[in-house]
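The structure appears right after this line, and notes come after that.
Protein chains in written order, with this note's numbering: chain A, 7 to 200; chain B, 5 to 176.
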């Protein structure tokens with residue numbers, strides 16, 4: 007098990023100019039780590055569909071490296087997206103999955119078959135170019151250069167510690183974050199898209 | 005003897021309208037009635053066909069393409085549209101982007117009661133989401149597709165083209 011924050015810290019060293027999307031409870035750490043917010047994008051807003059949105063972004067920007075940090079609860083809502091992605095073979099797409107085994111934002115209830123499912127095997131079977139499993143930070147850190155230089159779509163499943171939130175939503179810590187619309191405006195401006 | 009002119013909607017009419025309106029990507033799940041349209045789209049070098057696994061994905065993929073500056077169109081059946089309610093809400097309406105959705109109107113008939121509940125609930129579904137829609141049944145309706153594109157661009161909202169011709173030109 008790895009702390010999600012450590013995953014993002016390790017990734018940041020290899021980010022380069024990649025466009026980055028994060029989501030889920032663990033995604034909150036990225037805001038403290040990113041050094042290029044204009045290339046951070048948020049396209050969530052529907053149950054489990056941010057992966058499909060970022061896939062669309064990768065298709066539309068084939069010259070850009072596009073990285074998505076997914077969660078297993080979201081992916082399970084729309085597992086067929088793995089086949090959709092693999093079918094179009096976006097070689098600029100890197101798909102991380104932070105697997106904490108539960109719905110952390112709703113109190114930590116386990117996702118279906120949380121103990122035994124192998125997401126990397128599912129992605130590889132769906133047709134991804136490469137798929138990895140990690141539960142050790144050092145192994146992940148030493149593999150990130152290879153992962154980021156690999157022809158996509160690449161899938162990277164990482165076992166992370168759950169950061170369960172049990173307080174009623176109204177009592178949780180509020181973190182400043184940019185709206186989806188703002189991230190879209192900033193990214194388009196950065197890339198010169200009108 | 006009176007010649008009867010059968011009016012059909014040819015797939016070429018949709019392709020022409022897509023090209024005229026600068027469409028770059030079609031995100032779709034094929035159905036049995038639109039196979040020839042699918043084949044024709046695959047033959048267009050200016051058009052990228054993106055097959056997805058479930059209709060709710062299509063609006064999300066379209067959002068990503070829109071952010072990238074492309075012009076996507078969603079092509080699905082009414083059954084899949086009804087499955088996609090949360091994606092229409094969260095990825096299109098809330099995002100405020102001009103998306104044309106071409107929706108096969110399974111069960112549509114002008115000849116009275118339809119036995120197909122897919123048709124029964126299609127327009128009530130669209131009205132519940134407050135989506136404007138245009139019915140297209142034959143080639144003479146082609147310009148209505150451009151009207152629908154113009155409506156999306158003006159309103160920055162999704163607009164639906166209901167294709168009410170299941171069995172003629174689309175599956176030769």
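Idealized CB from N, CA, C, for every residue including glycine.
| request: Determine the extent of the alpha helix (DSSP H) in which residue 128/A is found, giving its start and end residues. | output: Position 122 of the first chain, counted from the first residue, corresponds to residue 128/A. Here the alpha helix (DSSP H) through residue 128/A covers 125-132.
| task | Using a Cβ-Cβ cut-off of less than 7 Å, list which residues of the region 76-104 of chain A approach chain B; keep chain order. | result | Here the close residues are 84, 86, 87, 89, 90, 93, 94.
| request: Could you work out which residues of chain B lie near residue 199/A, taking near to mean beta carbons separated by less than 9 Å? | output: Walking along the first chain from the start, residue 199/A turns up at place 193. Residues of chain B passing the Cβ test: 71, 72, 73.
| Under 8 Å between C-beta atoms, does residue 116/A make it to chain B? | For the purposes of this step, residue 116/A is taken as the residue at position 110 of the first chain. Residue 116/A does not count as touching chain B.
| Which term fits residue 59/B, buried or exposed, when burial requires 16 or more other beta carbons within 10 angstroms of its beta carbon? | Translated into the one-based positions of the second chain, residue 59/B becomes position 55. Burial state of residue 59/B is buried, judged by a 10 Å Cβ sphere holding 16 or more other Cβ atoms.
| task | Would you list, in chain order, the members of the region 45-58 of chain A that have their beta-carbon closer than 9 Å to a beta-carbon of chain B? | result | Against chain B - using a Cβ distance shorter than 9 Å - the residues of the region 45-58 of chain A are 47, 49, 50, 51, 52, 53, 54, 55, 56, 57, 58.
| Cβ of residue 164/A within 8 Å of Cβ of residue 124/A? | By one-based count along the first chain, residue 164/A stands at place 158. By one-based count along the first chain, residue 124/A stands at place 118. Residue 164/A places its beta carbon 8 Å or farther from that of residue 124/A.
| request: Using a Cβ-Cβ cut-off of less than 9 Å, give me the residues of the region 36-66 of chain B that come near chain A, in sequence order. | output: Cβ contacts with chain A come from 52, 54, 55, 56, 57, 58, 60, 61, 62, 63, 64, 65, 66.
| task | Note down, in chain order, every chain B residue with its Cβ under 8 Å from the Cβ of residue 175/A. | result | Counting from one through the first chain, the residue named residue 175/A turns up at place 169. The premise fails here: residue 175/A is roughly 18 Å from chain B at the closest Cβ pair, so nothing lies under 8 Å.
| said: Three or more C-beta pairs under 8 Å: does that hold for the region 58-69 of chain A against the region 63-73 of chain B? | reply: Result yes; three or more Cβ-Cβ pairs closer than 8 Å.
| Taking any Cβ of chain B, which residues in the region 137-167 of chain A have a Cβ under 9 Å from it, in chain order? | Those residues of the region 137-167 of chain A that come within reach of chain B (Cβ to Cβ, closer than 9 Å) do not exist; the list is empty.
| message | Can you confirm whether residue 33/A, when its beta carbon is compared against all beta carbons of chain B, has any partner nearer than 8 Å? | response | Walking along the first chain from the start, residue 33/A turns up at place 27. It does not: the Cβ of residue 33/A has no partner Cβ on chain B nearer than 8 Å.
| Every unbroken alpha helix (DSSP H) within the region 108-156 of chain B, with a cutoff of 4 residues, ordered by chain | Counting only runs of 4 or more, we get 121-132.
| request: Pick out whichever of 25/A, 23/A, 20/A, 31/A has its Cα sitting closest to the Cα of residue 9/A. | output: Numbered from 1 along the first chain, position 3 holds the residue referred to as residue 9/A. Of all alpha-carbon atoms in 25/A, 23/A, 20/A, 31/A, the one lying nearest the alpha-carbon of residue 9/A is that of 31/A.
| message | With a threshold of 8 Å between beta carbons, is residue 133/A in contact with chain B? | response | In the first chain, residue 133/A corresponds to position 127, counting from 1. By this cut-off, residue 133/A is not an interface position.
| If we cut at 8 Å on Cβ distances, does residue 30/A have a partner in chain B? | Here residue 30/A is taken as the residue at index 24 of the first chain, counted from 1. Cβ-Cβ to chain B under 8 Å: no for residue 30/A.
| said: Can you determine whether any heavy atom of the ligand ZN sits closer than 7 Å to the C-beta of residue 64/A, and answer yes or no? | reply: Among the components modelled here there is no ligand, and therefore nothing to report on the ligand ZN.
| query | If we count the other Cβ atoms within 10 Å of its Cβ and call it buried at 16 or more, is residue 63/B buried or exposed? | reply | Along the second chain, read from residue 1 onward, the residue named residue 63/B stands at position 59. Around the beta carbon of residue 63/B, a 10 Å sphere encloses 16 or more other beta carbons of the protein chains shown; the residue is thus reported as buried.
| request: Please list, in chain order, all residues of the same chain as residue 21/B whose beta carbon is under 7 Å from its beta carbon, the five residues on each side excluded. | output: Translated into the one-based positions of the second chain, residue 21/B becomes position 17. Cβ neighbours of residue 21/B beyond the five flanking positions: 146, 149, 150.
| query | Any C-beta of chain A sitting closer than 8 Å to the C-beta of residue 81/B? | reply | Residue mapping note: residue 81/B aligns to position 77 of the second chain, counting from 1. Closer than 8 Å to the CB of residue 81/B there is not a single CB belonging to chain A.
| request: Would you mind stating whether residue 138/A and residue 100/A have Cβ atoms separated by less than 8 Å? | output: Stepping through the first chain from its first residue, residue 138/A is reached at position 132. Stepping through the first chain from its first residue, residue 100/A is reached at position 94. The answer is no: Cβ separation not under 8 Å.
| field | residue 117/A vs residue 79/A beta-carbon contact at 8 Å | value | Here residue 117/A refers to the residue found at position 111 when the first chain is read from its first residue. Here residue 79/A refers to the residue found at position 73 when the first chain is read from its first residue. Yes, Cβ-Cβ distance for residue 117/A and residue 79/A is below 8 Å.
| field | Coil, strand or helix - residue 189/A by DSSP | value | Here the question's residue 189/A lines up with position 183 in the first chain. If DSSP states are grouped into helix, strand and coil, residue 189/A belongs with the helices.
| said: Give me the residue from 72/A, 88/A, 120/A with the minimum Cα distance to residue 166/A. | reply: Translated into the one-based positions of the first chain, residue 166/A becomes position 160. Restricting attention to 72/A, 88/A, 120/A, the CA atom closest to the CA of residue 166/A is found in 120/A.
| query | Taking all protein chains shown into account, do 16 or more other C-beta atoms lie within 10 angstroms of the C-beta of residue 81/B, making it buried, or fewer, making it exposed? | reply | The residue given as residue 81/B occupies position 77 in the second chain. So residue 81/B ends up on the buried side.
| query | So residue 163/A is in the beta strand (DSSP E); what residue range does that whole segment cover? | reply | Numbered from 1 along the first chain, position 157 holds the residue referred to as residue 163/A. Element bounds for residue 163/A: 160-165.
| query | Is the number of C-beta pairs between the region 113-130 of chain B and the region 183-195 of chain A that are closer than 8 Å three or more? | reply | Contact fails: fewer than three Cβ-Cβ distances are below 8 Å.
| query | Would a check of beta-carbon distances place residue 190/A closer than 8 Å to chain B? | reply | Residue mapping note: residue 190/A aligns to position 184 of the first chain, counting from 1. Closer than 8 Å to some Cβ of chain B, the Cβ of residue 190/A qualifies, so yes.
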